[in-house]
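Heads up, the thing below is written out as structure tokens.
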RNA sequence: GUGGUUGUAGUUCAGUUGGUUAGAACGCCUGAUUGUGGUUCAGGAGGUCGUGGGUUCGAGUCCCAUCAUCCACCCCA
């Protein structure tokens with residue numbers, strides 16, 4: 533055996549069965565996005581590094597895949613650059629990188645096409661993104677995101693619609709045990725002000741985001757380590773332990789944040805989104821207002837969401853939020869947007885774990901034509917043409933081979949029916965249709981076969 | 001970037017304190033079966049034990065290095 537080929541770390545092949553399942557997920561998402569008035573957009577796999585760097589924080593910059601310049605990539609670099617280290621050398625040898633998410637390329641697109649877009653602009657985008665992260669369970673270096681964003685409106689109808697879309701997609705997929713956590717960046721700001729930790733917002737957020745993972749004690753410890761005063765930490769405890777219905781939590785927060793403009797704004801946004809949601813006919817929206825939800829991405833400024841499926845080992849499967857000034861970094865400020873994303877790979881894993889893929893998602897060829905000799909194979913070709921014209925997924929075994937082998941092929945490919953053609957069939961015109969599941973056979977003309985297959989669909 | 005785990009057939013894994021010719025299951029191929037697959041039975045092919053070095057009379061087994069893998073942390077979908 534020669535050396536085995538391998539895949540780059542954190543990437544995967546998707547075989548036919550996996551693709552069938554993935555496409556099932558993709559089309560469910562796509563259908564819902566389009567139903568809500570979102571239009572498709574695609575952007576290149578690679579972007580100029582100037583577009584990507586500085587948008588995801590220092591960590592994010594580290595995780596960008598950079599693309600070496602074509603040709604002699606050293607031509608712009610000299611020994612001094614090399615001696616100054618990778619940070620100085622990088623811009624000389626790489627000017628492009630693989631995209632890290634879909635939101636930043638979208639912002640770039642909006643800015644570049646600002647004169648042609650009718651606002652508010654609603655787009656969805658389903659494409660792979662790349663992160664040079666270390667892979668682990670549910671985490672890959674190449675994975676697909678399914679984003680839907682609206683830019684150019686502050687309306688909280690958008691937030692409500694996101695909740696509706698999430699509900700609709702998951703219900704299409706058969707996932708019903710999940711919840712949508714919702715919070716607001718301004719509420720988090722308000723809380724830091726209220727507890728006297730103003731300016732420490734990002735440290736506060738990173739810490740409390742881990743509450744359900746590491747518990748209250750460790751969160752408090754981490755907050756202190758991150759430089760939040762013990763008094764402030766102490767004040768945060770009752771807030772982190774808020775219990776009860778959404779209304780009760782909101783009422784409690786209103787009091788706690790009564791001196792914070794930011795906090796008040798956050799609360800009224802959430803209330804308005806919830807009120808809007810009531811106008812739609814949705815019995816159970818599965819929303820859980822959770823003050824400990826923070827989310828990492830720094831550009832969020834308003835409502836934030838995260839979706840978790842219960843009783844599975846996978847982390848969040850969807851998330852998003854409002855960002856007031858994403859296009860600002862590209863020189864176009866004052867444009868508010870809100871968006872969210874489905875993590876298809878994780879949804880796939882969840883559905884696999886819960887065994888939720890329907891059999892119909894796996895349909896393959898419906899009929900295989902099996903033949904005995906050259907004459908019957910030739911006859912089979914005309915049969916094949918008729919089947920396909922009738923819209924029946926069909927194929928003919930392309931070689932002359934033993935019958936056993938041909939049946940075996942049908943079996944392996946999970947093909948439901950076979951048509952056996954030999955000299956008898958050629959002379960009588962009555963073909964043998966075999967149901968591969970039941971093993972039953974009947975002699976029928978091709979027209980009868982087509983009729984039968986179409987009626988059982 | 002930090003810590004740990006595991007690398008043996010196509011796949012999942014056994015392999016004793018270091019000891020002759022490295023095994024199993026599943027999968028694959030052939031036949032029983034020249035007009036019938038899934039079941040059964042018989043046979044067969046398939047290994048540089050991740051790679052490189054070291055210890056030893058002798059290494060799949062011990063040591064070092066290296067690469068790969070999976071898991072956790074940081075962070076994230």
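In our numbering, the protein residues as written are 533 to 989.
Glycine included, every Cβ here is placed at the ideal spot set by N, Cα and C.
Please check the pair residue 902 and residue 947, which I expect to be a contact at CB under 8 Å, by giving their CB distance rounded to whole angstroms.
-> Residue 902 to residue 947, Cβ: 10 Å. No contact.
At 3 residues or longer, and completely inside the segment 769-831: list those beta strand (DSSP E) runs for me, N to C.
-> 819-821
Among 690, 764, 757, which one has its Cα closest to the Cα of residue 807?
-> 690
By Cβ distance, which residues of its chain are closer than 8 Å to residue 762, with the 5 residues on each side in sequence left out?
-> 756
Please confirm if the segment 578-598 is in contact with the segment 624-636, defined as three or more CB-CB distances below 8 Å between the two stretches.
-> yes
Along the chain, which unbroken stretches of the alpha helix (DSSP H) at least 4 residues long are found entirely within the segment 876-957?
-> 876-885, 906-921, 935-944
Opening and closing residue of the beta strand (DSSP E) in which residue 1066 lies | Because the chain in this structure spans residues 533 to 989, residue 1066 falls outside the shown range and cannot be described.
With respect to the alpha helix (DSSP H) encompassing residue 641, which residues constitute its N-terminal and C-terminal limits?
-> 635-644
With burial defined as no fewer than 16 other Cβ atoms inside 10 Å of the residue's Cβ, what is the status of residue 833: buried or exposed?
-> buried
Helix, strand or coil for residue 871, going by three-state DSSP, please let me know.
-> strand
Cβ neighbour criterion (16 or more within 10 Å) applied to residue 913 | exposed
Residue 589 lies in the alpha helix (DSSP H); which residues open and close that run?
-> 589-594
Check residue 533 in the structure and name its three-state DSSP category.
-> Any reading at residue 533 needs caution, since the residue's pLDDT is 34, under 50, leaving its predicted position unreliable; the model's value is listed next. It is coil, neither helix nor strand.
Integer-rounded CB distance, given that residue 722 should sit under 8 Å from residue 798 = 6 Å
How would you label residue 985, buried or exposed, when you count the other beta carbons within 10 angstroms and need 16 or more for buried?
-> buried
Could you tell me how far apart the beta carbons of residue 966 and residue 988 are, in whole angstroms, since I believe they sit closer than 8 Å?
-> Going by Cβ atoms, the distance from residue 966 to residue 988 rounds to 14 Å, so no, they are not a contact pair.
Just mark residue 937 as buried or exposed, buried being the case when its beta carbon has 16 or more other beta carbons within 10 Å.
-> exposed
Assuming residue 819 contacts residue 712 (C-beta within less than 8 Å), just tell me the rounded distance between them.
-> 5 Å
Within the chosen definition, does the segment 646-662 reach the segment 565-574 through at least 3 CB pairs nearer than 8 Å?
-> yes
To the nearest angstrom, how far is it from the Cα of residue 612 to the Cα of residue 789?
-> 54 Å
Unbroken beta strand (DSSP E) run spanning residue 653, endpoints | 653-662
Could you tell me if residue 647 is buried or exposed, where buried requires 16 or more neighbouring beta carbons within 10 angstroms of its beta carbon?
-> exposed
Span separating the alpha-carbon of residue 848 from that of residue 605 = 40 Å
Considering residue 856, what are the terminal residues of the beta strand (DSSP E) in which it resides?
-> No beta strand (DSSP E) contains residue 856, which DSSP labels as neither H nor E.
How big is the Cα-Cα spacing for residue 919 and residue 982?
-> 7 Å
For the beta strand (DSSP E) that residue 738 lies in, which residues bound it at each end?
-> Per DSSP, residue 738 belongs to no beta strand (DSSP E); it is in the alpha helix (DSSP H), 733-740.
So, using beta-carbon positions, are residue 821 and residue 771 closer together than 9 Å?
-> no
Close beta carbons around residue 924, own chain, < 8 Å, minus the five adjacent residues each side | 898, 899, 982, 985, 986
Between the segment 720-736 and the segment 844-864, do at least 3 Cβ pairs fall closer than 8 Å?
-> no
Return the Cβ separation of residue 663 and residue 595 in integer angstroms, given the expectation that the two are a contact with Cβ distance under 8 Å.
-> 5 Å
Which runs of the beta strand (DSSP E), 3 residues or longer, sit entirely within the segment 739-763?
-> none
Among residues of its own chain, excluding the 5 on either side of residue 568, which ones have a beta-carbon nearer than 7 Å to its beta-carbon?
-> 693, 697
State the start and end residues of the unbroken alpha helix (DSSP H) segment that holds residue 677.
-> Run containing residue 677: none in the alpha helix (DSSP H); it sits in the beta strand (DSSP E), 674-683.
Thinking C-beta only, is residue 795 closer than 9 Å to residue 719?
-> yes
Below 8 Å on the Cβ atoms is my guess for residue 676 versus residue 876; work out the distance and round it to an integer in Å.
-> 5 Å
Assuming residue 853 contacts residue 839 (C-beta within less than 8 Å), just tell me the rounded distance between them.
-> Going by Cβ atoms, the distance from residue 853 to residue 839 rounds to 12 Å, so no, they are not a contact pair.
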